[in-house]
Amino acid sequence: MSPYRDRSQLMELTTHTVMENLIAGVTLVTLILALFLGSPRAALIVAIPIPLSLSVAFIGMDATGTPVNLLSIGAVDFGDDRGRFDRDG
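For the sequence shown, this note's numbering gives the first residue as 10, with consecutive numbering after it.
So this is what it looks like as structure tokens:
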């Protein structure tokens, strides 16, 4: 049996593009935070929990067998944002 369409190159290209965008996004967010907060240390303290919380959420989704699709990714992102913005009150 052979695959009808080989999508391995597409998957590799997509994964590479996502990783590039993640690295660029984290770098840009950290630089902007450092600019507004006036301290690179404070910027890192604020920026590091964002990808860590998303990583923990995806590990939990994998452990419970929740399928990763656009709807579940949007829900994880919304839940992560709500947790950050609701701390004030």
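C-beta atoms are modelled at their ideal positions from N, C-alpha and C, and glycine is treated no differently.
Query                                                                                                                      : Result
Leu46 and Val35 - do their beta-carbons sit closer together than 9 Å?                                                      : no
Rounded to the nearest angstrom, how far is the Cβ of Ala52 from that of Thr39, given a contact under 8 Å?                 : 5 Å
Who are the Cβ neighbours of Gln18 in its own chain at under 8 Å, not counting the five residues just before and after it? : none
If I follow the unbroken alpha helix (DSSP H) through Ser11, where does it start and stop?                                 : Where Ser11 is concerned, there is no enclosing alpha helix (DSSP H), given that its DSSP letter is neither H nor E.
Determine the direct distance from the alpha carbon of Ile57 to that of Pro49, and round the result to whole angstroms.    : 12 Å
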